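Just so you know, the sequence shown maps onto residues 4 to 94 in my numbering. Take a look at the structure below.
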Amino acid sequence: MRPGELVRSLAGRDEDKHFLVLKILDPDYLLIADGHYRKVENPKKKKIKHLRCAGLVATEIGDMLQQGKTPANAQVSGALRRLLETLETGS
4 MRPGELVRSL AGRDEDKHFL VLKILDPDYL LIADGHYRKV ENPKKKKIKH
54 LRCAGLVATE IGDMLQQGKT PANAQVSGAL RRLLETLETG S
């Protein structure tokens, strides 16, 4: 997994919800956010084993995070929405 990657929660009260990876904390934990319920200012700390990769990456968000910039919640939610549309259409 890498910053900007689309993931789906497999466990917990956020089960079956989609998020973007904001940061890899260690080999077991990530910080994730969706820009709406889980804001960038207060990301969710989640175990990697409780997440499933969707195989899609929001490159603009990933690039911002790697440059040390914090994306806005609107940017995260917009990128998440576009990735989910891509996932649904299968293209």
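Beta carbons are placed, not taken as given, at the ideal position from N, Cα and C, and that holds for glycine. Model, not experiment: these values are computed from the prediction.
Under the 8 Å Cβ criterion, the region 49-56 does not count as touching the region 71-81, having fewer than three qualifying pairs. Take residue 32, set aside five residues on each side of it, and the residues of its chain with a beta-carbon closer than 8 Å to its own are 48, 49, 50, 51, in chain order.
Counting every other CB atom within 10 Å of its CB across the protein chains shown gives residue 19 a total below 16, marking it as exposed. Counting along the chain, no beta strand (DSSP E) covers residue 15, and no H or E run does either. Counting every other CB atom within 10 Å of its CB across the protein chains shown gives residue 7 a total of 16 or more, marking it as buried.
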